[in-house]
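Everything below concerns the one structure shown next.
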Amino acid sequence: MVLVVQIVGVIFAVLLMYFTFLNYKRNDMSLSEFIFWSAIWVVFMYVTLFPSTLSAIADTLQLVRLMDLFTISALMFLIVLTFYNYMMTMHTRRKIEHVVRAVALRKK
Amino acid sequence: MRFMDVFIVIPARNEESTIAGVIKRAQPFGKVVVVDDGSTDNTHDEAQRTDVVVLHHVVNLGKGCALKTGCDYAVREGAEHIVILDADAQHDPEQIPEFLAALNNHDVVFGYRTFAGDMPRILRFGNAFISRLTLFLYGIALRDTQCGYRAFTADAYKKLRWNATDYSVESEIVSTTGRKKLRYVEISIPTVYHNKYKGTTVIDGMKIVLKMVWWKVSS
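Residue numbers (the working numbering), protein chains in the order written: chain A, 1 to 108; chain B, 1001 to 1219.
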């Protein structure tokens, strides 16, 4: 029996696959990026529909419920993503600053 | 002191109504360098109409970046003394000689507002809090850590050269002055507020406090 939360999970994954595809078609993403993110959404969808495949991992980590494994994994993923985004933003900001200041000083 | 060694750096963003007047009043005291920080109004054109150097940031980077661009230019062109002031006519350029005279015996000169004017109460409180924090963290007793009217020697600038891109530049200059043990003095300037929606906001103030603590911890 498919639970409502699984349906929501699948819809979520399909939507994100659509946005990934859209970005790829708009040339905002390379082919490798498209494959990477699509694979993530496919795995997410599979795990949502067949959560028992993760039981072995949950048992190894001594987690009683699969939901705990999902929550902890999601949180870790979000923290990594936030850190990565922060670093990328700072990196881009520094590059923009360097270019804009160099252009301003070069003209004179 | 020869005014030809003096560079007056004015960072400006969307100050079309005041920039020409500020430039005209500052010109007698040194070479004026305006840094247009990605203005979306006619600030750049207004500044260009005068015969001063106008550096242009194609996008807005923040006051700290604009000041750094202007000061780097000044040092590159042989400046011995650098004065920085705001483009919104908050600071009276007639006081530049006072700042320059003080540089004879000091590395950095800080302007301080007397707060007798119409400074918003929340900003007055924020200033007082940051001043206390500055004394606690860096051992510098300044009456006004956020005033943008300042002067320093070119040698001092090389030590002060900041990383801050935004309004926290004022605090970074203060903290570096303390850490590098530069000689400093304060000069009283009148408090003038033209637009309460411009300049440092309460959010900026909170960011500045966090950054000051961070600089202390990471230094």
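Quick reminder that beta carbons are idealized off the backbone N, C-alpha and C, glycines included.
*For residue 1036 of chain B, which option in B:1027, B:1087, B:1081, B:1141 has the closest C-alpha, if you only look at C-alpha atoms?*
Reading the second sequence from its first residue, position 36 is the one you call residue 1036 of chain B. Answer by Cα proximity: B:1087.
_Element boundaries [alpha helix (DSSP H), containing residue 1031 of chain B]_ = Here the question's residue 1031 of chain B lines up with position 31 in the second sequence. Looking at the DSSP string, residue 1031 of chain B is not in any alpha helix (DSSP H); the run it does join, the beta strand (DSSP E), is 1031-1037.
*Interface residues of chain A facing residue 1069 of chain B [CB-CB closer than 9 Å]*: Position 69 of the second sequence, counted from the start, is the residue given in the question as residue 1069 of chain B. Going along chain A in sequence order, the residues near residue 1069 of chain B (Cβ under 9 Å) are 100, 101, 104, 105.
_Run through chain A and tell me which residues come within less than 9 Å of residue 1072 of chain B, C-beta to C-beta._
The residue labelled residue 1072 of chain B in the question sits at position 72 within the second sequence. Against chain A, a Cβ distance below 9 Å from residue 1072 of chain B picks out 101, 105.
_Cβ-based neighbour list, residue 1143 of chain B, same chain, cut-off 7 Å, excluding 5 preceding and 5 following_ = Your numbering for residue 1143 of chain B matches position 143 in the second sequence. Taken in chain order, the residues that qualify are 1112, 1131, 1186.
*Local conformation of residue 71 of chain A per DSSP, three classes*: Residue 71 of chain A sits at position 71 when you count from the first residue of the first sequence. If DSSP states are grouped into helix, strand and coil, residue 71 of chain A belongs with the helices.
*If you drop the 5 nearest sequence neighbours on each side, which residues of the same chain put their C-beta closer than 6 Å to that of residue 1135 of chain B?*
By one-based count along the second sequence, residue 1135 of chain B stands at place 135. Cβ neighbours of residue 1135 of chain B beyond the five flanking positions: 1141.
*Around the Cβ of residue 1127 of chain B, are there at least 16 other Cβ atoms within 10 angstroms (buried) or fewer (exposed)?*
Locating residue 1127 of chain B in the second sequence gives position 127, where the first residue counts as 1. Result: buried.
*Rounded C-beta distance between residue 1052 of chain B and residue 103 of chain A? I'm assuming under 8 Å.*
Along the second sequence, one-based indexing puts residue 1052 of chain B at 52. Along the first sequence, one-based indexing puts residue 103 of chain A at 103. About 19 Å; that fails the 8 Å criterion.
*asked:* What would DSSP say about residue 91 of chain A, mapped onto helix, strand or coil?
replied: Numbered from 1 along the first sequence, position 91 holds the residue referred to as residue 91 of chain A. Three-state DSSP puts residue 91 of chain A in a helix.
*Looking only at DSSP bridge pairs, what is residue 1012 of chain B linked to?*
If you number the second sequence from 1, residue 1012 of chain B lands on position 12. Beta-bridge pairing links residue 1012 of chain B to B:1036.
_the segment 86-100 of chain A / the segment 1015-1028 of chain B touching (three or more Cβ pairs under 8 Å)_ = no
*asked:* Across the segment 1081-1096 of chain B and the segment 1150-1157 of chain B, are there enough close Cβ pairs to call them in contact, namely three or more that are closer than 8 Å?
replied: yes
*Interface residues of chain A around residue 1201 of chain B at Cβ under 7 Å?*
The count along the second sequence starts at 1 and reaches residue 1201 of chain B at position 201. Result: empty, since nearest Cβ-Cβ is about 20 Å, beyond 7 Å.
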